[in-house]
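K.L.:
In my numbering, the protein residues as written are 7 to 71.
This is the structure we're talking about:
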């Protein structure tokens, strides 16, 4: 990632971490937290280049196998 992308992504990563922590601590908020996490993912994908998104998908697929 470029320095500019990193600068834009850092607050999103931090917000995402808070939501994942809340998921663990408050299962009752699961659906709301997951919806917010999906919105953050959309924002992240808007920052990444198509090549970076493809690499991200490739790494995720390898991790799942």
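Idealized CB from N, CA, C, for every residue including glycine.
Because the structure is a prediction, the values reported are computed rather than measured.
Would you verify that the beta carbon of residue 8 is, or is not, closer than 8 Å to some beta carbon of chain D?
P.N.:
This model lacks chain D altogether; it includes just one protein chain.
K.L.:
List the whole-angstrom C-beta distance separating residue 42 from residue 29, where the pair is believed to meet the contact cut-off of C-beta under 8 Å.
P.N.:
In the chain shown, the residue the question calls residue 42 occupies position 36. In the chain shown, the residue the question calls residue 29 occupies position 23. That pair is no contact at about 10 Å.
K.L.:
Residue 16 lies in the alpha helix (DSSP H); which residues open and close that run?
P.N.:
As a position in the chain shown, residue 16 is number 10, starting the count at 1. Looking at the DSSP string, the run of the alpha helix (DSSP H) that includes residue 16 is 9-31.
K.L.:
Is the stretch 63-71 touching the stretch 11-26, taking contact as three or more C-beta pairs under 8 Å?
P.N.:
Verdict: no, contact absent.
K.L.:
Pull up the distance between the alpha-carbon of residue 27 and that of residue 36, whole angstroms please.
P.N.:
The residue labelled residue 27 in the question sits at position 21 within the chain shown. The residue labelled residue 36 in the question sits at position 30 within the chain shown. Each residue's alpha carbon lies about 11 Å from the other.
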